[in-house]
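Residue numbers (our numbering), protein chains in the order written: chain A, 9 to 585; chain B, 6 to 586.
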């Protein structure tokens, strides 16, 4: 599927719930179009008032119609908005749902191209840009109705004058369209400057102890003053441009009205233009320049939306527009969503063979029930190797499961085949039990067993609410060791065949780690692939895979490697006892 | 908040800007005058045109006057808005800086009770509310009020019935909008809350994307996303609808105002009280008061917020540090540390109970004990972040309360467990924004074995928030480097509890050795290995010293706690020394 154009994207979003979109569309066409009537009615009032006494007495009729239309119009605004609010929020969630689903569930390996924080701003800001443009299309009908309508009415009164007025009116659109992106840029600079200031205040008071201890108050304050200054200038630049644009647009309206006054002066005097016709011009022109500025904004928004959708595409690596714009209804009705457990037909693990993974020559095999340790210096590629094996990052090379080539490692290496604990595991702000079970319908007994295996049981005794403890955002309410042990429990509860641990040592003390290995092998037959430089792990290994700068430089038992490799001897000597 | 208090803060910060403030007031008034005048021109034009006897040249000159006056109005409007912003930021940036200086001078007792988030709220949030208050109160609220008053007066003089109708209308609309003022605020709060939940969920899951994918939990996570979406949808829609109510109401009364103006104008023209031009003027004026009415209701809310901010800021400025500052100075080189019957209570809780000890100059003391036992308090008392409730702490024989703070700071270096870092360059983080040059930094660090490491990172490298870009071990190295650059006679080292990789560990070991040479050192240790080179060991528990003596003696005494700890061997952090984050 070829990538959609920006308008194509909008068309797809409209097709999500076309009924609701077009309802809003027609409502807003009425709302934006009705001021045509206001101009005519005001003109009628003044024409009748300017006429003889009999005619003047009939001026009440257009006044009454005016009042009725003005109030009825607000009812329509209210109705149109109610439906549009639903649509806006539902479409926002639709795109966000599709994006998140792609990132979490799509097959094949890929790396999140942005930091999670930056990715969230795509979820929020870029999706909002799409919606803003969609909203512009809701308004579009009304803008055309009023624009064309008012020009036709004015041209019917005075064609030459109307053509002359096109100049300031069109200029408004052109200038807004040109200045709009500038203003957004200044806004962004202002936001960034504000973030810098607030970030610095936060850091300063987070580091207040260090500042006091190092007597750094004055240098810190002068840096603060510098950041304040930048924000001050950014605020001025922002105000300047905003006022400039506002000034230009209002001045265009002023110029247009002045042109009418000057040009129509003689027509009014000789009676070829009535007072009511003059007021039609006076009523339409400010609104027409406003709407023209709006059109200028829409043109700028069109470009912005193209960029925003491109960023969304880049975040969802390898996706097609059809994935991102999938129109399956967003579940919002409060129905109980039943999750089916993905069923995997599995051949039990006998042997995993790795060939040329990441780099040429990285070959090794993992036998059922064995304990394999990947070791090497910092930066030697240990984590990269296991993450490549599991398909978490794209990498060349082949992995074979019982002699069969694994085509898509990312969707293959999941429970019950394999499970993984990252070096810095992430927990989510839910209960500890939910974090550990992670959707695997674990029986209470299985959960308890996993907790015990992961040496998390002493921690649970200390937590007042045990497994029901809410762990806070990213698990902040737990200590580093508790997070790591919970992640280990989360892996063990899957009862996967192959357990992959990426370096437990950063948060587990030696004693706990040794205990974990002991319990694991006592209670079940496990196949383990472990990244570690600790002696506790190395001593237990059936096989050690030794890496240096991403290359495999040795594999075998500890004795073999100690005998053959100076690097291994070095690591062993500095390794923690 | 009383009026004089307002005035005091405002005058302090606005007086230096008197020139700008006066210019601002003048442009504002001129712009308002013109805004009142321009519709008069239109009215005059209409009246002149309807007589059909006025020469065209008069009509044209009114048109030209309209053009000129209109453009000048816009220019003045823009200038006053620009000046208002400028004055607001200059004044409040100064307030921000003064406030930060004052807050930094408060003791740690205050800072331990507040979060950086609260500080952001005080130093930036409240002050920004005041900045808005200055720029808006002066420009918009006063401007809007003057414009409203002007419109009412001018129309009253045109025809008193016209003035009365406008007056009643303005009062009614103000009351109506004022009664709805809280709806959009509560709606905005609700929106912020639910959107924080939605994006919090997404951010957390993206951060854990590998965990989710490798554990096959994608479907589960998407199922968990459903109630989050549902909640977001329900509450956002609810909040938006509340905002729409306010907006539609305002819009309805404004259009009703146009209808009213037409009706009153028609009635007065039919009675022969006013000209048609005046009826048109009324319509123009009703439209002119829309903006100021909106502004008055909005700005009055802003005024409440700013008042709250001023009250809080006033309260902050009245706080003073509980720490003494004396004039005695300390010499260079290692110093004796002495605790003379020191007790320390924090919020009625006794943390240290009559503690006395003496550490000779140049000695290394290993401080062991359970978390919450009082180790950290001892180090904070030495660094004079706290003062003892009773008893005396002496450095080099001088009571800390009589010491000059600056002299104390240069004699004392501290490596804390969590290294406090800024989003700034490595150099700024090393010197804490001080002025030391690259060569000076590198030559000092070369002597300590850290030079090579710092070069490999680069002094100009920008660190991310929270030390992003450095591993935990590297952050420790950076903290060490800070202390070396300071070259103090006393060093307090709070050892990191998490384990470092072997490479960093070995660099750190060399640095530690150099750091301990010819300095008095207190180590808060989490591993027995760290204190293996200490001269003395002190074990603290429940606010008391339960053991203190030369390390070698204690190690040989089989009944000492230290030797029992040594006997446990491989797992020194068990029980007694367990640290949790």
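Note that CB positions come from ideal geometry on N, CA and C, so glycine has one too. Bear in mind that the values here come from a model prediction, so they are computed numbers and not experimental data.
Next item on the list: Just the C-alpha distance for residue 27 of chain A and residue 181 of chain A, rounded to the nearest angstrom, thanks.
Entry: In a straight line, the C-alpha of residue 27 of chain A is about 31 Å away from that of residue 181 of chain A.
Checklist line | Backbone CA spacing between residue 483 of chain A and residue 459 of chain A [nearest angstrom] | finding: Straight-line Cα distance between these residues: approximately 16 Å.
Checklist line | Cα-Cα separation, residue 336 of chain B to residue 228 of chain A | finding: Rounded to the nearest angstrom, the two C-alpha atoms are 26 Å apart.
Note to self: Using a 10 Å radius around the Cβ and a threshold of 16 neighbouring Cβ atoms, would you call residue 422 of chain A buried or exposed?
What the structure shows: Around the Cβ of residue 422 of chain A, a 10 Å sphere holds 16 or more other Cβ atoms; the residue is buried.
Checklist line | Chain-order list of residues whose beta-carbon lies under 6 Å from that of residue 112 of chain B (same chain, five-residue window excluded) | finding: Same-chain partners within the cutoff: 326, 327, 328.
Notebook entry, point to check: For residue 372 of chain B versus residue 530 of chain B, is the C-beta spacing smaller than 8 Å?
Noted result: Yes, they are a contact pair.
Check: Taking only beta-carbon atoms, is residue 98 of chain A less than 8 Å away from chain B?
Finding: True, the Cβ-Cβ gap to chain B drops below 8 Å.
Checklist line | Distance, residue 145 of chain A Cα to residue 157 of chain A Cα | finding: Cα-Cα distance, rounded: 18 Å.
Margin query: At a threshold of 7 Å, does residue 56 of chain A count as lining the ligand ZN (C-beta to nearest heavy atom)?
Written below: Among the components of this structure there are no ligands whatsoever, and the ligand ZN is therefore not found.
Checklist line | C-alpha distance - residue 586 of chain B paired with residue 471 of chain A, whole-angstrom precision | finding: Caution applies to residue 586 of chain B, whose pLDDT of 28 falls short of 50 and renders its modelled position unreliable; the value that the coordinates give is listed next. If you take the alpha carbons of residue 586 of chain B and residue 471 of chain A, they lie about 14 Å apart.
Margin query: Contact criterion: CB-CB distance below 8 Å. Does residue 379 of chain B meet it with respect to chain A?
Written below: It does not: the Cβ of residue 379 of chain B has no partner Cβ on chain A nearer than 8 Å.
Notebook entry, point to check: According to DSSP, what are the bridge partners of residue 371 of chain B?
Noted result: B:528, B:542, per the DSSP bridge assignment.
Notebook entry, point to check: Quick one, are the C-beta atoms of residue 133 of chain B and residue 283 of chain B less than 8 Å apart?
Noted result: No.
Item checked: Counted within 10 angstroms of its Cβ, other Cβ atoms place residue 180 of chain B as buried (16 or more) or exposed -> Exposed, by the Cβ-count rule.
Next item on the list: Take residue 527 of chain B as the anchor and find which of B:493, B:515, B:548, B:558 has the nearest alpha-carbon.
Entry: When each option's Cα is compared against that of residue 527 of chain B, the closest is B:493.
Next item on the list: From the DSSP output, in three-state form, read off residue 563 of chain A for me.
Entry: The answer is strand: DSSP assigns residue 563 of chain A an E or B state.
Next item on the list: Return yes when the Cβ of residue 287 of chain A is within less than 8 Å of the Cβ of residue 206 of chain B, no when it is not.
Entry: In this structure, residue 206 of chain B lies away from residue 287 of chain A, with their beta-carbon atoms at least 8 Å apart.
Next item on the list: Report the residue from A:119, A:539, A:251, A:137 whose alpha carbon sits nearest the alpha carbon of residue 431 of chain A.
Entry: Out of A:119, A:539, A:251, A:137, A:539 has the C-alpha closest to the C-alpha of residue 431 of chain A.
Check: Looking only at DSSP bridge pairs, what is residue 423 of chain B linked to?
Finding: According to DSSP, which records beta bridges pairwise, residue 423 of chain B is partnered with nothing at all.
Next item on the list: In the DSSP assignment, find the beta strand (DSSP E) that holds residue 438 of chain B and state where it starts and stops.
Entry: No beta strand (DSSP E) contains residue 438 of chain B, which DSSP labels as neither H nor E.
Margin query: Using C-beta distances below 8 Å, list every residue in its chain close to residue 581 of chain A, excluding the 5 sequence neighbours before and after it, in chain order.
Written below: No residues qualify anywhere along the chain.
Next item on the list: Select from A:248, A:66, A:400, A:167 the residue whose C-alpha is nearest the C-alpha of residue 86 of chain B.
Entry: Of A:248, A:66, A:400, A:167, the residue nearest in Cα terms is A:248.
Item checked: Complete runs of the beta strand (DSSP E) confined to the region 410–470 of chain A [at least 3 residues] -> Those beta strand (DSSP E) runs which fall completely within the region 410–470 of chain A and span 3+ residues are 426–429.
Item checked: Extent of the continuous beta strand (DSSP E) run through residue 509 of chain A -> Per DSSP, residue 509 of chain A belongs to the beta strand (DSSP E) from 506–510.
Note to self: Whether or not the region 323–334 of chain A and the region 147–155 of chain A are in contact is what I'm after, with contact meaning three or more pairs of Cβ atoms, one per stretch, closer than 8 Å; do they touch?
What the structure shows: No, they do not touch.
Notebook entry, point to check: Does the Cβ of residue 66 of chain A have 16 or more other Cβ atoms within 10 Å, making it buried, or fewer, making it exposed?
Noted result: By the neighbour-count rule (16 or more Cβ atoms within 10 Å), residue 66 of chain A is not buried but exposed.
Next item on the list: Tell whether a beta-carbon distance below 8 Å holds between residue 520 of chain B and residue 570 of chain B.
Entry: The answer is no: Cβ separation not under 8 Å.
Next item on the list: Since I believe residue 410 of chain A is in contact with residue 355 of chain A (beta carbons under 8 Å), could you give me their beta-carbon distance rounded to a whole number of angstroms?
Entry: With 8 Å as the limit, residue 355 of chain A and residue 410 of chain A qualify as a contact, their Cβ atoms being about 6 Å apart.
Check: Under a three-way DSSP split, which group does residue 13 of chain B fall into?
Finding: In the structure shown, residue 13 of chain B adopts helical secondary structure according to DSSP, grouped into three states.
Check: What do you reckon, are the CB atoms on residue 277 of chain A and residue 255 of chain B nearer than 8 Å?
Finding: Contact: no.
Item checked: Cβ-Cβ distance between residue 89 of chain A and residue 242 of chain B below 8 Å -> No Cβ-Cβ contact shorter than 8 Å links residue 89 of chain A with residue 242 of chain B.
Notebook entry, point to check: If the cut is a Cβ gap below 8 Å, which residues of chain B does residue 428 of chain A touch?
Noted result: Against chain B, the beta carbon of residue 428 of chain A has neighbours under 8 Å at 215, 216, 219, 220, listed in chain order.
Next item on the list: Helix, strand or coil for residue 282 of chain B, going by three-state DSSP, please let me know.
Entry: Shown here, residue 282 of chain B sits in a helix according to DSSP, grouped into three states.
Next item on the list: Return the Cβ separation of residue 182 of chain B and residue 135 of chain B in integer angstroms, given the expectation that the two are a contact with Cβ distance under 8 Å.
Entry: With 8 Å as the limit, residue 182 of chain B and residue 135 of chain B do not qualify as a contact, their Cβ atoms being about 24 Å apart.
Checklist line | Runs of alpha helix (DSSP H) lying entirely within the region 312–381 of chain B, each at least 4 residues, in chain order | finding: Within the region 312–381 of chain B, not a single complete alpha helix (DSSP H) segment reaches 4 residues in length.
Next item on the list: Give me the Cα-Cα distance between residue 85 of chain A and residue 146 of chain B, rounded to the nearest whole angstrom.
Entry: Cα to Cα, residue 85 of chain A sits roughly 29 Å from residue 146 of chain B.
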